[in-house]
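Colleague: Sharing a structure below in structure tokens format, with a few things to ask.
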Amino acid sequence: MTCGMTTVTQSAKHDKNRKNTFTDSNQYILEFIAVNQTLRGKGIGKQLFSNLDDLASSKNASIWLETTKKHNIKIFNKMGYHLIDTKNESSVDYYIMTKEKTLNKV
Numbered sequence: 016m017t018c019g020m021t022t023v024t025q026s027a028k029h030d031k032n033r034k035n036t037f038t039d040s041n042q043y044i045l046e047f048i049a050v051n052q053t054l055r056g057k058g059i060g061k062q063l064f065s066n067l068d069d070l071a072s073s074k075n076a077s078i079w080l081e082t083t084k085k086h087n088i089k090i091f092n093k094m095g096y097h098l099i100d101t102k103n104e105s106s107v108d109y110y111i112m113t114k115e116k117t118l119n120k121v
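Each residue of the sequence shown is one higher than the last, beginning at 16 in the working numbering.
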């Protein structure tokens, strides 16, 4: 996968803009996640999310993510994430989702 300068510039601009939306400092932001196509369906993505959930829980933090792929909303819903907003920047729809804080299981 390659990434051109236009993509980097748009991503940096988007990062700056989203700081206005998410002001709670006790949040984890899932920036990128991917599983190699040949390894999908083996629970790797679920394990990555489980590890993130454990980390956030230990810090009493919420988690939020954005996806530009509408079909991902259903996948993230199954893992406890909820759509809270949709924004359009540079002709790209960003579906903003969050998973609320859970009490640390001691």
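Note that the Cβ used here is the ideal one computed from N, Cα and C, for glycine as well.
Return yes when the Cβ of L70 is within less than 9 Å of the Cβ of Y43, no when it is not.
Modeller: Position 28 of the sequence shown, counting from 1, holds the residue named residue 43. Position 55 of the sequence shown, counting from 1, holds the residue named residue 70. Cβ atoms of Y43 and L70: closer than 9 Å.
Colleague: What do you reckon, are the CB atoms on G95 and K114 nearer than 9 Å?
Modeller: Working through the sequence shown from its first residue, we reach residue 95 at position 80. Working through the sequence shown from its first residue, we reach residue 114 at position 99. The answer is yes: Cβ separation under 9 Å.
Colleague: If you follow the beta strand (DSSP E) that N103 is part of, which residue opens it and which one closes it?
Modeller: Counted from its first residue, the sequence shown places residue 103 at position 88. H97 to E104 is the extent of the beta strand (DSSP E) around N103.
Colleague: Under 8 Å Cβ to Cβ from V121, same chain only, skipping five residues before and after it: list those, please.
Modeller: Locating residue 121 in the sequence shown gives position 106, counting from the first residue. In this predicted model, V121 has a pLDDT of only 43, less than 50, meaning its place in the structure is not dependable; the value taken from the coordinates is given anyway. Within the same chain, V121 has no close Cβ partners at all.
Colleague: Under 9 Å, do D100 and I90 count as touching if we go by C-beta distance?
Modeller: As a first step, residue 100 is located in the sequence shown; it is residue number 85 there, counting from the start. As a first step, residue 90 is located in the sequence shown; it is residue number 75 there, counting from the start. No; because the gap between Cβ atoms is not below 9 Å, this pair is not in contact.
Colleague: Quick check on I111: does DSSP put it in helix, strand or coil?
Modeller: The residue given as residue 111 occupies position 96 in the sequence shown. Residue state, collapsed to three classes: strand.
Colleague: Which residues share a DSSP beta bridge with Q42?
Modeller: Counted from its first residue, the sequence shown places residue 42 at position 27. Q42 is bridged to S77.
Colleague: According to DSSP, T82 sits in a beta bridge with which residue or residues?
Modeller: Sequence index remark: in the sequence shown, residue 82 carries index 67 (1-based). The partner list for T82 (beta bridge, DSSP) reads Y110.
Colleague: With N87 as the anchor, note down where its alpha helix (DSSP H) starts and where it stops.
Modeller: Working through the sequence shown from its first residue, we reach residue 87 at position 72. N87 to K93 is the extent of the alpha helix (DSSP H) around N87.
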